[in-house]
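Residue numbers (our numbering): 67 to 1151.
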C-alpha cells in the first residue's frame, strides 16, 4: 500500500507541475484552445497519375518590368520637395518639351521622412532623357521599376530520390521528368532578375539513410528553440526583451494567439490590410517570437512586421527600398530576410543592404535552396556583412536542398569566399500557423529565422548593447559554432549554431577583428576541401585563399601598414612564398584578405609540411575619442599549413581555362541543356570547385593535378602542362591568345575542348524581356561561343557546326546522353571521328517537329603533324561532365581523351569503333556566325564597343604578385590550427550558466500530416512563463498524497469488515481487450 501511495503521489505531483492551474482566467485567455489540433498537411494526390509519393509546397517568383515607371536613386537623403526639384531640373535640361512625367505617390509609413529615391512615371521615355537624369549631380542611377509575382505550387517529388531538388515539372511528367513536347517559346525561370522565397514546403522530411527497427519508446518531439537550449537562457531571465526584430514577409494577423509583443505592423503594398493571407510571414515570425505551442526564441522581443507582399503575391522594388529605409529610421536591431537570388550585381538592392548593416542592423538571410550543387549561393546571404544561413536536418546532416559555396563574385581572376557562415535546423521545423496552431516547413528560409531568433535572444543577454553589431554578432556565432564531422567548409561554413556557447562568447566579448576562416590548413580534410584535395608544388598556379576580415570595432576600418609573413623555420616555412592583397577600406564591418601561396624554387624536389603565419593589424576610429585616443586597433594571426610535393611530370598536369567562362550575372548566358526550361541561366561559375566538382574529384582520383588559369592564355608556361582543358567557353579570344596557343600546341601542349550548342535561330527563340534595358533580350552566346572556338582551332582545319542535337546512344560499351550539343562540321582527313544517330533538337525548338539525323559527328581526335606536336580532342557537349543537369556522366571518356592527349595512347575502343566515320570536310556547309546585334561586348573581358562593331581590347598585362618579405621565426608552430584559434579576450569559464539538468531527448521527425499539438502541454513557455505554475507543485503534491492515503485507508477498513467472496471471472474476448487497452491513450515516453 505504501508503494502504491508513493507512486500515486509522484504521479499527481508530476501532473501538477506540468498542467496549468484550473480556472485561472489569465491562463485560459492566453491559451483558449489547449486541445487545438494544428491542420494536417497531407500529401495531395499526384497529378496526372504520376508516381510521386508526396508533394512539396514551393514558392516561385516571376518578375516583369512596370511600363513607364523608373526608380531614381539619389546620392543622399532628401525631402520630397527637394527630390521633386532635382528631377524637374534634370528633365528640363533634356530639351524635350513634350516629355510627360510625374512623380508616383507612395502612401506608406516612410513617405513622411526624407528618402534616397523617387518613383517617377515617364511616358515614352527616350534614352537621352534617362541619360540626362543620371547626369544630374545628385542622382546616382535610374533603374526600371519591377513587379514581382509569387505563386504557391505543389511540386511532386519522390520521397527517396532528389526530394529537395524537385523542379516544377510539367503536369503530365513523372517526378523530375521532362515531357517530350515542350513550348520552347515560354521559358519560365526561377532565377533571372528576381529573388525567390526560400521555403520548400510543409511536413517535408529528408531521408538520412539511417534505419531503426524499434519504435516503441518514442520521445516527445520538442520545438527548435528548445532543441537549441533557448530554455537555458529563458530561465536566466533572457527572452529577447528590448530588441527590435523586423520580419520582411507577408504580414501577420492582429490577434494571432502566439504573439504578445507585436510593436508595429506596417503595410508597404497597395492593399488596405496588414494581415497575412498566405502564412509564410506568420511562420517566420513564429519561429522568432512565438510564445506558445510552437515556441519561438525571443517571445518578449519587439516584433516589427513589414508586409511587402500582397495576398496576390505581388511586390515591387520600390516597396522593398521604402521598407528598408523605414527599418533604418526605426532603429531595427535584427532583420530577417527569407528571400534570395543569384544576382549579386543588383546594385540598388545590394547598396541598400550595405546601408542597413552600416546602421547596425544585423541582417540574417537564407543561403538558398539550390543544393546539393556547389556555387549556388544566393544574394544577399553571400555578402560579407550578412549572416548567411544554411540548413541541416535533426540528425545533423547537411540538408540536400541547402546551397553550397563558394561565392562566385571573384571569378575568374580570384577565388570565392567561405559561405554559408553557419548552419542550423531547416528541415521539418515547426512554426506558427496562419491563424493558430502549428505547421512544419523546410528550406533555408526556415533556417534563417531560427538564426534570427537566436540572434535576437543573444542580443537581449548583453548588458552593453553598444557592443552588439553585425560584425560582433557574426564573430560570436562562427567562433561558437560546432563543427560537423565529415563535412567541408563550403557546405557547413563554420558549423552548427550553438546558442549557449555563443552566449558565453558574446558576454565576455571585447571589440576586435577576426578572420573567416581563422586559419589555412591545406592538409586538413575534408573540412578544408578543396584546398586539402591537392598538394602544392613548385611551378604550379598559386593557391588563392579568400579570407574575410570581420571588424567588430567599428563600421569602418583599415589595415595598418602591410600584413607580415612569418614562416616557422623548424616547420620548413621558408619553402613557401606568400603574397597578400586586401581591401583598402573595411566597410561595412568587413573586408577581404586574399592570400596567394606558392612553393619556393629551392623546394622543387622536396616533400613535406611547411608552416607559418600572416600577421594583420586592423584599426578603426573609436566612437568616443576622449577615452581611447581616437583609434582602436586589433592584431590577428592567420596560421598557414601546406603540404608540398615534388613537381609532378608534365603529363599529369591539366590546366583548366577559367578565364573564358562567362556566367550570369551580369549577362544572359543560357544553360547548356535546353531541356531545363525552368533553369535557363548559366550562373554557377563553371569552376572545377562548383558545378564541375565531380569531374575535378574524378581527375584527382586518377592521379591528375588540376590547376586553374584565371588569366589570358598568354599568361601560362605551356611547357609545364600536358593538356589544356576548355569546357563550355563563352568568351572571345584575344588575337595574341590564338597565336600563342597554336605555337604551344606545335611545341607539345595538347588541347581538349568540350563545346555546347550554338544556333542563332534558337537564341532568338529563347529571348525574354530585359527589365533593365526595357528591350527583348537574346542570349549573347549559345551554350558555348562556337564562332570564337572556331577561330581558335581553324588553323588545323577544325570547326563546330550550329546543329543542335540530343539523344541516347552507346559508345565503347558505355551508355551516353547527348544533351543539347553541337556537331563537328570540319575535321582533318587523317583524324579519328565518331558519329552517332541523334535527334534534331533545333528542329524541335523552332518548329516543334521531331526528326532523327543519322551519322552526326560528335567526337574527333587528331595528332598535329609537327614534330613533337600535341594532340587535339573535340567533343560537342559538356553536360556529361557538368554537375548542373548531368544525367549520365562521361568521365570514362575524359579519361580516354587524357590518355590520348597526355600519353599519345589512342583508345582502341574509339579507333576501332564501328561508329567511326570519315572526317567531314564541311565545305558545303556554312559555319555558324555571331548573332547580329549581340551585346557580348558589355560583359566581355576581351571585346569593347567600337563604332557599332566590337573589336578586341588591348591585351591586359598578366597578373603579377608581390611576394611578401619573410620575417622568419625560430619557434615551433601549433600542431592543431583549428583548436588553437579562438577570439581574443574570450574566457568561456568566466560566463557562468545556471546549474540545470540538461534535457535533450532524441527527437523523431513528425511524419507528413502528423499532429503535434500534444508536444508541449498547454503551450506553456519554460522559464518565467511557468513560475506561477511551478509554485503550485508543493501544494498539489501534499493534497495528492493526502487524498491517496485517505482512499487506501478507507478501502483497507472495508476489506477487513467484509467476508471474502470469490466471484467467477468471465474472460473477455481478445478483440475487446485490445480495444480497452488502446482506447483513450496518447503517445508518451
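For every residue, glycine included, the Cβ atom is placed at its ideal position computed from N, Cα and C.
- Distance from the Cα of residue 873 is smallest, within the candidate group 569, 999, 946 and 847, for 946.
- Residue burial annotation: residue 603 is buried, with at least 16 other C-beta atoms found within 10 angstroms of its C-beta.
- Out of 444, 528 and 390, the CA that lies nearest to the CA of residue 303 is found in 528.
- Taking residue 608 as the centre and dropping the five residues before and after it, the same chain places the C-beta of 645, 662, 663, 664 and 1027 closer than 8 Å to its C-beta, in chain order.
- If you compare the alpha carbons of 515, 565, 760 and 485 with that of residue 496, the shortest gap goes to 515.
- Annotation for residue 903: 873, 875, 918, 919, 920, 921 and 922 place their beta carbon closer than 8 Å to its own, counting only its chain and skipping 5 residues before and after.
- In the three-state scheme derived from DSSP, where H, G and I count as helix and E and B as strand, residue 804 is classed as helix.
- A contact is defined here as three or more CB-CB pairs under 8 Å, and the segment 592-600 fails this definition with respect to the segment 991-1001.
- For residue 181, the enclosing beta strand (DSSP E) begins and ends at 181-189.
- Note that the segment 392-399 touches the segment 307-321; at least 3 beta-carbon pairs, one per stretch, sit closer than 8 Å.
- If you draw a straight line from the Cα of residue 471 to the Cα of residue 486, it is about 7 Å long.
- Around the Cβ of residue 558, a 10 Å sphere holds 16 or more other Cβ atoms; the residue is buried.
- The C-beta separation of residue 900 from residue 982 comes to about 6 Å, placing the pair in contact by the 8 Å criterion.
- For residue 789, the enclosing beta strand (DSSP E) begins and ends at 789-793.
- Sixteen is the threshold: when 16 or more other Cβ atoms of the shown chains lie within 10 Å of the Cβ of residue 886, as they do, the residue is buried.
- In the displayed model, residue 741 falls within coil according to three-state DSSP, outside both helix and strand.
- Under the Cβ criterion (8 Å, minimum of three pairs), the segment 722-742 does not count as touching the segment 621-635.
- In summary, residue 971 is exposed, with fewer than 16 beta-carbon neighbours lying within 10 Å of its beta-carbon over all protein chains present.
- If you look at residue 722, you'll find it in the beta strand (DSSP E) that goes 719-723.
- Here residue 513 is buried, its C-beta having at least 16 other C-beta atoms within 10 Å.
- Residue pairing from DSSP places residue 504 in a beta bridge opposite 498.
- The three-state secondary structure of residue 140, taken from DSSP, is strand.
- Going by C-alpha positions, residue 689 is about 37 Å away from residue 1034.
- Assignment of residue 770 by DSSP, reduced to helix, strand and coil, places it in the coil class.
- Here residue 715 is exposed. Its C-beta has fewer than 16 other C-beta atoms within 10 Å.
- Of 321, 150 and 894, the smallest CA-CA separation from residue 140 is found for 150.
- Between the C-alpha atoms of residue 521 and residue 572 there is a straight-line separation of about 11 Å.
- If you ignore the 5 residues before and after residue 770, its C-beta comes within less than 8 Å of the C-beta of 718, 719, 720 and 964, all in its own chain and listed in chain order.
- Judged by beta-carbon spacing, residue 450 lies within the 8 Å limit of residue 656, meaning their Cβ atoms are closer than that value.
- The secondary-structure analysis by DSSP pairs residue 682 across a beta bridge with 702.
- Relative to the Cα of residue 867, the nearest Cα in the group 878, 850 and 1040 belongs to 850.
- One Cα belongs to residue 477, the other to residue 755, and the distance between them is close to 12 Å.
- Within the segment 420-455, the runs of beta strand (DSSP E) at least 3 residues long that lie entirely inside it are, in chain order, 428-432.
- Linking residue 989 to residue 208 through their CA atoms gives a straight-line distance of about 50 Å.
- The residue from 185, 897, 147 and 155 with its alpha-carbon nearest to that of residue 135 is 185.
- Distance check between residue 441 and each of 1106, 1104, 969 and 950 places 950 closest, using alpha-carbon atoms only.
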